[in-house]
Amino acid sequence: MSEAKVTKGVLLLAFGGADSIDSVEPFVKNILKGRQVAPEFIEEMKERYEAIGGRSPLMEITKGQAAALEEKLNARGDGEVYKVFVGMLNWAPFITEAITEIQSAGLREVQAIVMAPYAIPATMDNYKKAVAEAIEDNGKPLKVDYIENWHCHPLLIEAIVENLKDELKAFDEPKHAHLVFTAHSLPVVALKGDTYQRLVRETVFAVTHYVNYEFRVAYQSKGRNGEWLGPEVEEIVIECSAYGKEGLIVIPLGFVSDNVETLFDLDTNIKKMAEGMGLRYGRTAGLNTNPKFIEMLAHIVCNKPSEEQTADVQQPV
Numbered sequence: 075m076s077e078a079k080v081t082k083g084v085l086l087l088a089f090g091g092a093d094s095i096d097s098v099e100p101f102v103k104n105i106l107k108g109r110q111v112a113p114e115f116i117e118e119m120k121e122r123y124e125a126i127g128g129r130s131p132l133m134e135i136t137k138g139q140a141a142a143l144e145e146k147l148n149a150r151g152d153g154e155v156y157k158v159f160v161g162m163l164n165w166a167p168f169i170t171e172a173i174t175e176i177q178s179a180g181l182r183e184v185q186a187i188v189m190a191p192y193a194i195p196a197t198m199d200n201y202k203k204a205v206a207e208a209i210e211d212n213g214k215p216l217k218v219d220y221i222e223n224w225h226c227h228p229l230l231i232e233a234i235v236e237n238l239k240d241e242l243k244a245f246d247e248p249k250h251a252h253l254v255f256t257a258h259s260l261p262v263v264a265l266k267g268d269t270y271q272r273l274v275r276e277t278v279f280a281v282t283h284y285v286n287y288e289f290r291v292a293y294q295s296k297g298r299n300g301e302w303l304g305p306e307v308e309e310i311v312i313e314c315s316a317y318g319k320e321g322l323i324v325i326p327l328g329f330v331s332d333n334v335e336t337l338f339d340l341d342t343n344i345k346k347m348a349e350g351m352g353l354r355y356g357r358t359a360g361l362n363t364n365p366k367f368i369e370m371l372a373h374i375v376c377n378k379p380s381e382e383q384t385a386d387v388q389q390p391v
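Residues 75 to 391 (this note's numbering) make up the sequence shown, in order.
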């Protein structure tokens, strides 16, 4: 029996990550797009990758999300045949490969989701540019409909709250845990007129509606040059120690998959710093293929969120 013809395409777009120590250098050079890179920085990045097992799990996780989403969509029984594709900005499978695969499937339009909750020009523009260039290079028309505005989707909030409640169970006195919500830091100069911090606060507000503990918002994994968003997570760790907290739980809101920023920047660096100050360190599990997160992805594919949508969430069970 021949396979059913694909009628609907979904493209998951992610940043990418080196899949071996040898690929760290070309991966970094892809990010910097021809700018000079110091050998010391390459060595530092290799050390980070070695500390998390020699490779980023991002590609496997994103492919797992794609497979789970495709299964969920095709189980709807709405007469459509869905295919979910994966394209990475800075490493294989590259966006160009995904666009070729989509067009080879005979599709003339596709829905695209950048796998980051916060749809701001500082991040989205790079993905949109790469997609547009790939389409132009292929010389075939392809309509791309970007799905955004899901940072407060009720199912996303439920998934985060459930993971947070699980992590709180590890603390002897959960009320003595300090919650630290993090998002990726960005250069201040790139954010003029942007809504990034407001969007992050909206997610935090939605989560803390159900988990009423002390919390702070911090920005992690900043770059080296110029002014970046703060406060940094390290500053909050020092505060927790000064105020006699049992420990802290980090909730990385800006990431939907485990990667170097969660596994090294948080689980290695911040954990070492916190434990060195006598604090218990905890981090909520990555969303990865969390069933509620996959359900949310399926929902926004079939019910595109509007810019005006707010976090009208119900109490998670």
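No residue lacks a Cβ here, since even glycine has one placed at the ideal position from N, Cα and C.
Residue i (DSSP reduced to helix, strand or coil)
i	result
Ala125	helix
Arg357	strand
Thr342	helix
Phe329	coil
Leu181	coil
Arg109	coil
Gly350	helix
Glu145	helix
Gly138	helix
His283	coil
Cys314	helix
Glu247	coil
Asn377	coil
Pro195	helix
Pro131	coil
Gln388	Because Gln388 sits at a pLDDT of 42, beneath the cut-off of 50, its placement in the model cannot be relied upon, and the following sentence gives the value as read from the coordinates. Of the three classes helix, strand and coil, the one that applies to Gln388 here is coil, per DSSP.
Pro215	coil
Thr277	helix
Arg298	coil
Glu288	coil
Which residues DSSP lists as bridging residue i, in chain order
i	result
Met162	Ala88, Phe168
Tyr220	Ala186
Tyr293	Ala257, Glu306
Val98	Paired residues: none, contrary to the question.
Val324	Val254, Arg357
Lys157	Gly83
Close Cβ partners of residue i (< 8 Å) along its chain, the five nearest in sequence each way excluded
i	result
Arg275	Val291
Ser94	Gly128, Arg129
Leu353	Val311, Cys314, Ser315, Lys319, Glu320, Gly321, Leu322
Ile116	Val98, Glu99, Val102
Own chain partners of residue i with C-beta closer than 7 Å, once the 5 adjacent residues on each side are dropped
i	result
Gln177	Asn212, Lys214, Leu216
Ala125	Phe338, Thr342
Ser380	Asn223
Contact set for residue i: own chain, Cβ-Cβ below 6 Å, skip 5 residues either direction
i	result
Leu260	Ala196, Leu303
Gly328	Ala257, His258
Phe367	Ala233, Leu361
| message | Would the region 82–93 count as touching the region 142–162 if we require 3 or more Cβ pairs under 8 Å? | response | yes
| query | Would you call the region 203–221 and the region 172–190 touching, i.e. three or more CB-CB distances under 8 Å? | reply | yes
| said: Under 8 Å: do the region 141–154 and the region 326–345 share three or more Cβ pairs, one atom per stretch? | reply: no
| request: Could you say if the region 118–136 and the region 89–108 meet the contact criterion of at least three C-beta pairs nearer than 8 Å? | output: yes
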